[in-house]
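Engineer: After the structure tokens below, expect a handful of questions from me.
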Amino acid sequence: MGIEPFSDPKSIDLTVDIGGIKMKNPVTVASGTFGFGREMADFFDLSLLGAITVKGTSLEPWLGNEYPRTVETPSGMLNAIGLQNDGLESLINEKMPFLRQYDAPVIVNVVGQSLEEYAEVAARLDSVEGVDGLEINVSCPNVKKGCLAFGTTPEGTAEVVRAVRDKTDLTIITKLSPNVTDIASIAQAAVDAGSDALSLINTLMGTAIDPWTQKFRLANITGGLSGPAIKPIALRMVYEVARSVDVPLIGMGGIMNALDAVEFILAGATAVAVGTGNFVNPMAAVEIIDGIEDYLKKMDKSSVMEIVGKVS
Amino acid sequence: MPNTPCGMKSIYDCKLIEQHEVSPGVWLSKLTGPEIARGAVAGQFVNVQVAKTTDPLLRRPFSLHAVDREKGTFSLLYVLVGRGTALLHRYVSGDIISVVGPLGNGFDLGDSPDAEHIVVAGGCGAAPLHFLCDSLCEKWGCEKVTVLVGGKSKDALLCEDEFREHGVLTEAATDDASYGYGGFVTQLLQAHLDKRSDASNLRIYSCGPHGMMREVARICSEHEVQSCQVSLENKMACGIGVCTGCIQKIKKQSQGCDPAWEYKRVCADGPVFEAENIIWE
Chain F
2 MGIEPFSDPK
12 SIDLTVDIGG
22 IKMKNPVTVA
32 SGTFGFGREM
42 ADFFDLSLLG
52 AITVKGTSLE
62 PWLGNEYPRT
72 VETPSGMLNA
82 IGLQNDGLES
92 LINEKMPFLR
102 QYDAPVIVNV
112 VGQSLEEYAE
122 VAARLDSVEG
132 VDGLEINVSC
142 PNVKKGCLAF
152 GTTPEGTAEV
162 VRAVRDKTDL
172 TIITKLSPNV
182 TDIASIAQAA
192 VDAGSDALSL
202 INTLMGTAID
212 PWTQKFRLAN
222 ITGGLSGPAI
232 KPIALRMVYE
242 VARSVDVPLI
252 GMGGIMNALD
262 AVEFILAGAT
272 AVAVGTGNFV
282 NPMAAVEIID
292 GIEDYLKKMD
302 KSSVMEIVGK
312 VS
Chain Z
63 MPNTPCGMKS
73 IYDCKLIEQH
83 EVSPGVWLSK
93 LTGPEIARGA
103 VAGQFVNVQV
113 AKTTDPLLRR
123 PFSLHAVDRE
133 KGTFSLLYVL
143 VGRGTALLHR
153 YVSGDIISVV
163 GPLGNGFDLG
173 DSPDAEHIVV
183 AGGCGAAPLH
193 FLCDSLCEKW
203 GCEKVTVLVG
213 GKSKDALLCE
223 DEFREHGVLT
233 EAATDDASYG
243 YGGFVTQLLQ
253 AHLDKRSDAS
263 NLRIYSCGPH
273 GMMREVARIC
283 SEHEVQSCQV
293 SLENKMACGI
303 GVCTGCIQKI
313 KKQSQGCDPA
323 WEYKRVCADG
333 PVFEAENIIW
343 E
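Line by line, the protein sequences give chains F and Z.
So the first sequence is numbered by the working numbering: it starts at 2 and just counts up by one.
So the second sequence is numbered by the working numbering: it starts at 63 and just counts up by one.
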């Protein structure tokens, strides 16, 4: 008589679906906090992630802003990197072959200075093996042209989403800016224009001043605030958007641990992204995956989906 | 070629063995960390979680001052300058501190036994150069190594005794002429190089204030030394190469590029760079 293989009677279903992207768990990383995966692969197996979201990529290489680009603030930091990246060719020829080694969907964050640039990047990525989704960045606060200019109005957002939608069948995730008066109306415009999912929030625009030199601390003057300091705002915005649209959301903003992530899911996010938390703890994302599972066990739940939007 | 060891880079819970003030405002910490001690090369750094709360949020980078591969320990030498170092210096023996490392690329010690090595330290820039001195002595013999150590005044000279204990020729310079050579350590370097008709077997290594390293680079270029490496210290957010915050303009190696420079990450592409490739500002 054989012994039955051990099976957990309460195995937890961590899988989620973000606009067609099947994630084995609800945890990805915030674009720009994880590079293109290579550096983080020294710390853990990238296949553990629900999805890998890579740094903002433009058609041509961008130099980014002058130094200094970062400054620490209370429970957070400002950055004004300016989307330094090696451009689309480098992504396709150098970064994607590396990422294809891992068993995790890849989401490419797309940036542009014009509608045509967004459209061309989308068209080129449409057929690249291993790319599962595009995160449209219409919310970068540190780039002078394009980008945020689109993301601050429903019309501008819709234009970019339509331009990308026309060129690709890949999952489109529109990343929303918090630097707006009514985020729900912009979310609705993105969905109406064909966005399969939404991610939020990007960083909040801020600045920092050195009183002793009487100078700005960032070369770019302003930067995007991230980290635990912005979590309450991010949670409120996820909750607002979740009530107004029907597509899945990727919630982010100051997630440092599993319970932070659970709060976002309760507010209405189907998945979450770890951003600045990666800097403090390069293992944060994998620890959060385990922590979400532990939470669900403790709460006697059998799946992540059971708790999405269940705040009351 | 940059001196990058393989593997080992990870997050470690390191136990503080001891830390004490070695001179006014200067602290030495010794921690357990066998993987870091055995895997690191001179010029690399570690990223230390100084707070258990979210404020201050980010880790603080510290160069490796010394490693003891047999005992599996490493040391940090730091000046109390801000919130991060103020928090770190309050930890007591037995405390567990989260450390990411070893990070970055170390100094390239060369591959010729004929080379002579001059180490130029300015102020707290001496911290990583102690580890370097150890490595140079081990690889090439202490008789091949000269250390020039500079500071504002005698009190601000770091590691002079430690350098001497290696048995390397050590000369000190003080800006206020309170001890050793009266003047900048860069003038002392200039005097050393001026004495030679041929500097092509000289390898120079430096860490210190930005202006000092720029002057070291100028002097080295004038004398056409074999190699001049400097260790930079830009403000970092991640320390592991993902945020691209700590960038430095570096000359592109291929000709005819516009612009002729590119941004390199001090944390992951450095912190040690060949001085001739740096665009000094």
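Where a beta carbon is used, it is the ideal one built from N, C-alpha and C, also for glycine.
1. Looking at the unbroken alpha helix (DSSP H) that takes in F/Lys96, where does it start and where does it end?
2. On a Cα-Cα basis, can you pick out the residue from F/Asn279, F/Val242, F/Gly20, F/Gly131 that is closest to F/Ala314?
3. Go ahead and pull the three-state DSSP assignment for Z/Arg100.
4. What residue range does the beta strand (DSSP E) around Z/Cys369 cover?
5. Quick one: what's got a C-beta closer than 6 angstroms to F/Lys96's C-beta in the same chain, skipping five residues either side?
6. Would DSSP call F/Trp63 helix, strand or coil?
7. With a threshold of 16 other CB atoms inside 10 Å of the CB of F/Met2, please say whether the residue is buried or exposed.
8. Where DSSP assigns a beta bridge to F/Phe37, which residues make up the other side?
9. Let me know the secondary structure DSSP gives F/Pro155 once reduced to three states.
10. Check each residue of the stretch 84 to 117 of chain F: if its Cβ is closer than 8 angstroms to any Cβ of chain Z, include it; give the result in chain order.
11. Using only alpha-carbon positions, find the residue among F/Arg163, F/Thr153, F/Pro106 that is nearest to F/Pro123.
12. Would you mind stating whether Z/His179 and Z/Ile266 have Cβ atoms separated by less than 9 angstroms?
13. First and last residue of the beta strand (DSSP E) that includes Z/Pro123?
14. If the cut is a Cβ gap below 9 angstroms, which residues of chain Z does F/Val287 touch?
15. Nearest chain Z C-beta to F/Asp43 closer than 9 angstroms, yes or no?
16. Given that F/Asn330 touches chain Z, what residues does it touch there, using C-beta distances under 8 angstroms?
17. What residue ranges within the stretch 232 to 280 of chain F form continuous alpha helix (DSSP H) runs of no fewer than 4 residues, ordered along the chain?
18. Round the Cβ separation of F/Pro27 and F/Ile308 to the nearest angstrom and send it over; I've been treating them as touching at under 8 angstroms.
19. Can you tell which of F/Ala274, F/Gly21, F/Lys25, F/Thr34 has the C-alpha that lies nearest to the C-alpha of Z/Thr306?
20. Using a 10 Å radius around the Cβ and a threshold of 16 neighbouring Cβ atoms, would you call F/Trp213 buried or exposed?
21. Looking only at its chain, what residues have a beta carbon closer than 7 angstroms to the beta carbon of F/Met78, apart from the 5 residues adjacent to it on each side?
22. Starting from Z/His82 and walking both ways along the beta strand (DSSP E), at which residues does that stretch end?
23. Any beta carbon of chain F sitting closer than 9 angstroms to that of Z/Leu120?
24. How about Z/Cys199 and Z/Val211: do their beta carbons lie closer than 9 angstroms?
25. Helix or strand or just coil, what does DSSP make of Z/Ala183?
26. Mind checking the stretch 115 to 139 of chain Z against chain F and listing, in chain order, the residues whose C-beta falls within less than 7 angstroms of any C-beta there?
27. What is the DSSP secondary structure of F/Thr58, counted as helix, strand or coil?
28. Of the residues F/Asn203, F/Ser196, F/Arg237, F/Ala262, which one's Cα is nearest the Cα of F/Val248?
29. How is Z/Met275 classed by DSSP in three states: helix, strand or coil?
30. Quick check on this structure: which residue in Z/Cys282, Z/Ile302, Z/Cys269 has the alpha carbon closest to the alpha carbon of Z/Pro190?
31. Less than 6 angstroms between C-beta atoms, sequence neighbours within five positions excluded: which residues of the same chain meet that for F/Val263?
32. Does DSSP put F/Ser313 in a helix, in a strand, or in coil?
33. Grouping DSSP H, G and I as helix and E and B as strand, with all else coil, what is F/Gly198?
34. Taking three-plus beta-carbon pairs below 8 angstroms as touching, is the stretch 103 to 116 of chain F in contact with the stretch 127 to 135 of chain F?
35. Kindly identify the DSSP beta-bridge partner or partners of Z/Ser268.
36. Considering Cα atoms alone, identify which of Z/Gln106, Z/Gln288, Z/Trp342 is closest to Z/Pro164.
Structural biologist: To lay it out plainly:
1. Segment: none, F/Lys96 is in no alpha helix (DSSP H) and carries neither H nor E.
2. Not covered by the structure: residue 314 of chain F. The range shown for chain F is 2 to 313.
3. helix
4. Examination of residue 369 of chain Z is not possible in this model, given that chain Z is present from 63 through 343 alone.
5. So the qualifying residues of the chain are Phe37.
6. strand
7. Here the model assigns F/Met2 a pLDDT of 46, short of 50, so the residue's position is not dependable and the matter cannot be decided.
8. Beta-bridge analysis with DSSP links F/Phe37 to no other residue.
9. In this structure, F/Pro155 counts as helix in the three-state DSSP scheme.
10. Gln85
11. Sequence check: residue 123 of chain F is Ala here, not Pro. Ranking F/Arg163, F/Thr153, F/Pro106 by Cα distance to F/Ala123 puts F/Arg163 first.
12. Contact flag set, yes.
13. 122 to 125
14. The premise fails here: F/Val287 is roughly 11 angstroms from chain Z at the closest Cβ pair, so nothing lies under 9 angstroms.
15. yes
16. Any property of residue 330 of chain F remains undetermined from this structure, which presents chain F solely from 2 to 313.
17. 232 to 245, 259 to 268
18. Actually they are not in contact, since the Cβ atoms of F/Pro27 and F/Ile308 sit about 10 angstroms apart, beyond 8 angstroms.
19. The closest CA to that of Z/Thr306, considering only F/Ala274, F/Gly21, F/Lys25, F/Thr34, is found on F/Thr34.
20. exposed
21. Thr71, Val72, Ser227, Gly228, Thr277
22. 72 to 85
23. yes
24. no
25. DSSP places Z/Ala183 within a strand segment (E or B) once states are collapsed to three.
26. Thr116, Asp117, Pro118, Leu119, Leu120, Arg121
27. strand
28. F/Ser196
29. DSSP places Z/Met275 in helix when its eight states are reduced to three.
30. Z/Cys269
31. Result list for F/Val263: Tyr296, in chain order.
32. coil
33. One point to set straight first is that residue 198 of chain F is Ala, not Gly, in the sequence displayed. Correct three-state label for F/Ala198: strand.
34. yes
35. Z/Val182, Z/Val292
36. Z/Gln106
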